[in-house]
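Quick mapping for you: the protein sequence lines, in order, are chains A and B. Numbered according to the working numbering, the first sequence terminates at residue 144, and the numbering increases by one at each position without gaps. Numbered according to the working numbering, the second sequence terminates at residue 1144, and the numbering increases by one at each position without gaps. Glycine included, every Cβ here is placed at the ideal spot set by N, Cα and C. What you are looking at is a predicted structure, and each value in this text was computed from that prediction instead of being measured.
2 protein chains.
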Amino acid sequence: MFSKACEYGIRAATYIASQSKLSRRVSLKEIADEIDSPVAFTAKILQQLSRNKIIDSVKGASGGFEISRSQIDHIKLSQIVYAIDGNNVYVGCGLGLKKCNASKPCPVHDKFVQIREDLKNMLENTSLDEMTTGLEVGLTYLKR
Amino acid sequence: MFSKACEYGIRAATYIASQSKLSRRVSLKEIADEIDSPVAFTAKILQQLSRNKIIDSVKGASGGFEISRSQIDHIKLSQIVYAIDGNNVYVGCGLGLKKCNASKPCPVHDKFVQIREDLKNMLENTSLDEMTTGLEVGLTYLKR
DNA sequence: ATTTAATAGGACATTTTTATCCGATTTAAT
DNA sequence: ATTAAATCGGATAAAAATGTCCTATTAAAT
């Protein structure tokens, strides 16, 4: 569905959000540890998220990553997915045709449109804040 | 969503089915040409489909690929996807967790379960025969 | 029997994705 | 000012996916 990079990205942003809600800025190392991801690779992904203004990075000693309270509410999963995987997830043809569309569709065009639309809606309606609610009470997890 | 191999596989199987309905056995070259795929790579995929009894291959002069009439009706897209990509598409965790499940879920577990379930149902309920109906009347396409 | 047209399959090549390493830069604390 | 702790970013490495090439095998036609 998503690339590994995107999966790590969502998990990382979710962890950062959960800690930002506690006013804790977190380091790369802590993030990678808490979401069980390769450290250096995660660094690259955090850079991408930072460049896309999805997370804030602070350089230097006692630096790290954080997300402002207000942003946590209105950043949606769709923004993270778009920043890392682009819009391929919900616009590309299910059978890989370059110019598949309603007027020259592949045999499963309509069926895929439906599923991708559902996925898109889900991603666009799930905020980082919502992602963290289960985490805080130990109902959901970000590793293993 | 699917690997390139799987996309080619679905398109190839669909084309073979459409021609088998006309009692035409088709060659690798013709298939690759009609679905706009790399010839040698397509050969590998057809081998996989053949080993998985999804298509029949006939060696030697005037050989090629075909699907028996009866099979065309009851082969579902899910079988093709499974033969090439395994069941990752609808069982893997959306965030890449190895052991994500209802009792230890990732933050989007329920939402992904829903979407994957829809995808699974769609694949399990779409037969190769259904894939060919639009093709025959020029309503759907397998290339570009 | 020989030739020809086809798939089978192993080895190899290329590209993309995933992952690592290291020096440069920034900033807080001493 | 110096040191220590952190991110940034470029170069490189490893693994996986995609794609190619060549020989072997098969079977029909001559």
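Beta carbon proximity, residue i to chain A, threshold 8 Å
i: L1142 of chain B; result: yes
i: L1135 of chain B; result: yes
i: I1010 of chain B; result: yes
i: P1105 of chain B; result: yes
i: V1026 of chain B; result: no
i: K1111 of chain B; result: yes
i: K1029 of chain B; result: no
i: K1004 of chain B; result: yes
i: V1039 of chain B; result: no
i: T1042 of chain B; result: no
Chain-ordered neighbours of residue i on chain B, where CB pairs are closer than 8 Å
i: E7 of chain A; result: G1094, L1095 and G1096
i: T126 of chain A; result: V1108 and K1111
Proximal residues of chain A, C-beta to C-beta of residue i below 7 Å
i: D1118 of chain B; result: I115 and D118
Contacting residues, own chain, Cβ-Cβ under 8 Å from residue i (five flanking each side not counted)
i: G1072 of chain B; result: Just to set this straight, residue 1072 of chain B is Ile in the shown sequence, not Gly. Contacts found: A1017, S1020, K1021, S1127, L1128, D1129 and T1132.
i: K76 of chain A; result: L123, E124, N125, T126, S127 and L128
i: V58 of chain A; result: R25, G64, F65 and E66
i: R144 of chain A; result: D36
i: V196 of chain A; result: For residue 196 of chain A there is no data in the structure shown, the boundaries of chain A being 1 and 144.
i: S1003 of chain B; result: I1084 and D1085
i: H1109 of chain B; result: C1093, G1094, C1100, N1101 and A1102
i: S1070 of chain B; result: none
Cut-off 7 Å between Cβ atoms - residues of its own chain near residue i, not counting five sequence neighbours on either side
i: I1054 of chain B; result: A1013, I1075, Q1079, I1080 and A1083
i: N1052 of chain B; result: A1083
i: Y1090 of chain B; result: R1116, L1119 and K1120
6 Å Cβ shell around residue i - same chain, five flanking residues per side excluded
i: C1106 of chain B; result: C1093, L1095, L1097 and C1100
i: L1028 of chain B; result: A1043
Residue i at chain B interface by Cβ criterion, 8 Å
i: V91 of chain A; result: no
Contacts that residue i makes with chain B (C-beta to C-beta distance below 7 Å)
i: K99 of chain A; result: R1144
ask   = What residue ranges within the region 1022-1108 of chain B form continuous alpha helix (DSSP H) runs of no fewer than 4 residues, ordered along the chain?
value = 1028-1035, 1039-1051, 1069-1074, 1077-1085 and 1088-1091
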